[in-house]
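Asker:
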Amino acid sequence: MKKIVTRFPPSPSGYLHVGGARTALFNWLYARRMKGTFVLRIEDTDVRRSTTASVDAIFEALEWLGIDWDEGPFYQSKRFDIYKEYIQKLLDSGHAYYCTCSPEQLEVMRKTAMATDGKVKYDGTCREKGLGKTENAVVRFKAPLTGTTVLHDVIKKNIVFQNSELDDFIIQRSDGTPTYNLAVVVDDITMGINTVIRGDDHVSNTPKQILLYKALGSPVPDFGHVPMVLGKDRSRLSKRHGAMSVTAYRDMGYLPDAVLNYLVRLGWSFGDQEFFTKAELIEKFNLENIGRSAGVFDKDKLLALNADHIKATPPDQLAKHLIPFLKERGVNAEEGEFLESVIKTLNKRSKTLLEMAEGAIFYYVDDFSYEEKAAKLFFKPGVLDMLKLLTEQLEQTEDFSEKNLETVFESFIETTGLKFGKIAQPLRSALTGKTVSPGIFEVLEVLGKDRTISRLNKAVQFIMSK
RNA sequence: GGUCCCAUCGUCUAGUGGUUUAGGACGUCGGCCUCUCACGCCGGUAACACGGGUUCGAAUCCCGUUGGGAUCACCA
Numbered sequence: 087m088k089k090i091v092t093r094f095p096p097s098p099s100g101y102l103h104v105g106g107a108r109t110a111l112f113n114w115l116y117a118r119r120m121k122g123t124f125v126l127r128i129e130d131t132d133v134r135r136s137t138t139a140s141v142d143a144i145f146e147a148l149e150w151l152g153i154d155w156d157e158g159p160f161y162q163s164k165r166f167d168i169y170k171e172y173i174q175k176l177l178d179s180g181h182a183y184y185c186t187c188s189p190e191q192l193e194v195m196r197k198t199a200m201a202t203d204g205k206v207k208y209d210g211t212c213r214e215k216g217l218g219k220t221e222n223a224v225v226r227f228k229a230p231l232t233g234t235t236v237l238h239d240v241i242k243k244n245i246v247f248q249n250s251e252l253d254d255f256i257i258q259r260s261d262g263t264p265t266y267n268l269a270v271v272v273d274d275i276t277m278g279i280n281t282v283i284r285g286d287d288h289v290s291n292t293p294k295q296i297l298l299y300k301a302l303g304s305p306v307p308d309f310g311h312v313p314m315v316l317g318k319d320r321s322r323l324s325k326r327h328g329a330m331s332v333t334a335y336r337d338m339g340y341l342p343d344a345v346l347n348y349l350v351r352l353g354w355s356f357g358d359q360e361f362f363t364k365a366e367l368i369e370k371f372n373l374e375n376i377g378r379s380a381g382v383f384d385k386d387k388l389l390a391l392n393a394d395h396i397k398a399t400p401p402d403q404l405a406k407h408l409i410p411f412l413k414e415r416g417v418n419a420e421e422g423e424f425l426e427s428v429i430k431t432l433n434k435r436s437k438t439l440l441e442m443a444e445g446a447i448f449y450y451v452d453d454f455s456y457e458e459k460a461a462k463l464f465f466k467p468g469v470l471d472m473l474k475l476l477t478e479q480l481e482q483t484e485d486f487s488e489k490n491l492e493t494v495f496e497s498f499i500e501t502t503g504l505k506f507g508k509i510a511q512p513l514r515s516a517l518t519g520k521t522v523s524p525g526i527f528e529v530l531e532v533l534g535k536d537r538t539i540s541r542l543n544k545a546v547q548f549i550m551s552k
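Numbering of the first sequence is given in the working numbering, commencing with residue 87 and proceeding in unit increments.
(1) What is the C-beta distance between Leu373 and Gly310, in whole angstroms, given that I count them as a contact (C-beta under 8 Å)?
(2) If you check the beta carbons only, do Lys228 and Asn267 fall under 8 Å apart?
(3) Can you list, in chain order, the residues of its chain whose CB lies under 7 Å from that of Gly152, leaving out five sequence neighbours each side?
(4) If we ignore side chains and look at the alpha-carbon of each, how far apart do Val345 and Phe361 end up?
(5) Are Arg514 and Ser523 close, meaning C-beta to C-beta below 8 Å?
(6) Does the pairing of the segment 136-144 with the segment 226-245 give three or more beta-carbon distances under 8 Å?
(7) Apply the 10 Å Cβ neighbour rule to Leu102 and answer buried if 16 or more other Cβ atoms are within range, or exposed otherwise.
(8) Using the Cα positions of Gly158 and Thr211, report the straight-line distance between them to the nearest angstrom.
(9) Taking the straight line between their C-alpha atoms, what separation do you get for Ile376 and Leu352?
(10) Please work out which residues of its chain come closer than 7 Å, Cβ to Cβ, to Lys430, disregarding the five sequence neighbours upstream and downstream, and give them in chain order.
(11) Taking C-alpha atoms, which residue in Val91, Lys462, His181, Lys318 lies nearest to Glu214?
(12) Where are the beta strand (DSSP E) runs, 3 residues long or more, that stay fully inside the segment 197-238, in chain order?
(13) So, helix, strand or coil for Glu420, using DSSP?
(14) Would the beta-carbon of Val382 fall within 8 Å of that of Arg320?
(15) Cβ of Tyr169 within 8 Å of Cβ of Ala269?
(16) Return helix, strand or coil for Phe160, following the three-state DSSP convention.
(17) Taking the alpha-carbon of Glu190 as reference, which of Tyr184, Tyr183, Thr198 has the nearest alpha-carbon?
(18) Give the DSSP-derived three-state secondary structure of Gly534 in the structure shown.
(19) Return helix, strand or coil for Val315, following the three-state DSSP convention.
(20) Does DSSP put Phe448 in a helix, in a strand, or in coil?
(21) Which residue from Ala390, Val289, Ile539 puts its Cα closest to that of Glu478?
(22) In whole angstroms, give me the CA-to-CA distance for Glu488 and Glu531.
(23) Spell out a yes or no on whether the segment 412-424 and the segment 440-460 are touching, meaning 3 or more CB-CB pairs, one atom from each, closer than 8 Å.
(24) Say whether the segment 424-438 touches the segment 451-460, bearing in mind that this needs 3 or more beta-carbon pairs closer than 8 Å, one atom from each stretch.
(25) Please confirm whether Ile128 and Pro264 have their CB atoms less than 8 Å apart.
(26) Helix, strand or coil, according to DSSP, for Arg259 in the structure here?
(27) Starting from the C-beta of Asn291, find all residues in its chain whose C-beta is less than 7 Å away, skip the five residues before and the five after it, and write them out in chain order.
(28) Starting from Val345, follow the alpha helix (DSSP H) in both directions and report where the run begins and ends.
(29) Consult DSSP for His181 and reduce its assignment to one of helix, strand or coil.
(30) Would you say Val104 and Leu504 are within 8 Å of each other, going by their C-beta atoms?
(31) Counting only the same chain and skipping the five closest in sequence on each side, list residues whose C-beta sits under 8 Å from that of Val312.
(32) For Ser136, is the classification buried or exposed, using 16 other Cβ atoms within 10 angstroms of its Cβ as the cut-off for buried?
(33) Give me the Cβ distance between Val546 and Leu473, rounded to the nearest whole Å; I'm assuming they're in contact under 8 Å.
So this is what it looks like as structure tokens:
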């Protein structure tokens, strides 16, 4: 059985968006699953639109997702000699010819075609002229006029194209640089790529590429065209659909594995299973279960999945991801037991790391101010005595474990005759400044005795000064 | 407009001729739990685009219609 070689070939003209990440993921997963090779190639033949900033952004996104590559990154811009060589081969074998039709002429033809029968095709003016190389000449591929070219797609099954619909597309621009279809084919041939998984939007290019493979006498790889990812309005995903860059999700507090999980499940399924760890994905991913219809990107489902991944990730691992978010909020938390205990109180109530970081601040910061709602609702003169009494009680308590605290409060309820809610809510506001927080015993335990007492005293002062 | 692709709840999907009163998840609605918010649990809502065939039998196969998407560059 042959060794699978897949690739991801982004063009560096912007950040890596979720659609691109998904095709990268499919290729990566398939290579990993089949114990094959995954190649990264930067398609920067269009010098005007490619930037190194985009290249870096793509690396950054891929690394964050945990998608690593075995070979590359290769840059097409450094391979122009190879393309020239192959173009010459095509010229020599009669599969290509020089064309001197000007862009303006072509534009006119295109306009007319669109307006009349809708068939936009190069008319073959230079096809049989046998022109030599001249200034500003482009090289066109001499495509067959009759017959059919069939694409045996592993996802979409067979797609038949009439060669009469294809035209003599340009393979070398007038400035001597290769055009996309030529460059991909040459790269895929020379890099030994035998499995091409890519977006649906490439199917119409595929017959041209197949023809190129044949003209070059190279074996045609397996193609698999995955359906597009659509926006809420069912049109192709774009900026106006909101945050689409992978790193934007990182910054919003998503876990890379959650994003991975969501992206794969959008278009691929494994029975009824919704939650997958990265290891499970590598173990279970296949091409057969990729669907044939386009899918709408659903932020709510991603969010729910992120919450699931947060719950499933061990606190010590979550800590690494959370620390940067705390730092942004001025909290210099360190990995360790304390942070982990903080996380344990928050992981079931946070859908994102950002949310978790917000919820964790009060554990670290002592001089917080009270939320208006908290002060108004729970810091009434009537609670003063209770709070004072409770402070005394807690001062005498040495064991601040959740379990022991519960019994302490039980007896406190008995002696005061108060409802638990009447105690817990003011206490919560005193300790956190807010009306919502993790369970009160959890908060007490994590905060510890000293901080609890001082925050209680501060609250008492606050109420008296009102 | 030409070419190509697609079509199950609002969304992602399971389903590959009978085991289906079409299953799961997200969302949504109601309830339980409860110290707040969550989590969790229980329950409800909601789909085979339409029309013809084929067949004893069709969400599953075929054809057409409609609808949606992609693509038509000296971009990738």
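Where a beta carbon is used, it is the ideal one built from N, C-alpha and C, also for glycine.
Since the model is a prediction, treat every value here as computed from it, not as a measurement.
Answerer: In terms of the structure at hand:
(1) Beta-carbon to beta-carbon, Leu373 and Gly310 are separated by about 6 Å, close enough to satisfy the 8 Å threshold.
(2) no
(3) So the qualifying residues of the chain are Pro342, Lys364.
(4) Whole-angstrom Cα-Cα distance: 11 Å.
(5) yes
(6) Cβ pair count under 8 Å is below three, so no.
(7) buried
(8) 40 Å
(9) 9 Å
(10) Pro401
(11) His181
(12) 224-227
(13) coil
(14) yes
(15) yes
(16) Collapsing the DSSP output to three states places Phe160 in a strand.
(17) Cα-wise, what sits closest to Glu190 is Thr198.
(18) helix
(19) In this structure, Val315 counts as strand in the three-state DSSP scheme.
(20) Phe448 falls in the helix class under three-state DSSP.
(21) Ile539
(22) Cα atoms of Glu488 and Glu531: separation of roughly 6 Å, rounded to the nearest angstrom.
(23) The segment 412-424 vs the segment 440-460: in contact.
(24) Too few Cβ pairs lie closer than 8 Å, so no.
(25) Their beta carbons are not under 8 Å apart, which means Ile128 does not touch Pro264 by this criterion.
(26) coil
(27) Excluding residues within five positions, the ones whose Cβ falls inside 7 Å are Asn267.
(28) 342-351
(29) coil
(30) The answer is no: Cβ separation not under 8 Å.
(31) Around Val312: Arg108, Thr109, Phe112, Ile241, Ile283, Arg284, Gly285, Asp286, Gly353, Ile376.
(32) buried
(33) In this structure, Val546 and Leu473 form a Cβ contact; the two beta carbons are roughly 5 Å apart against a cut-off of 8 Å.
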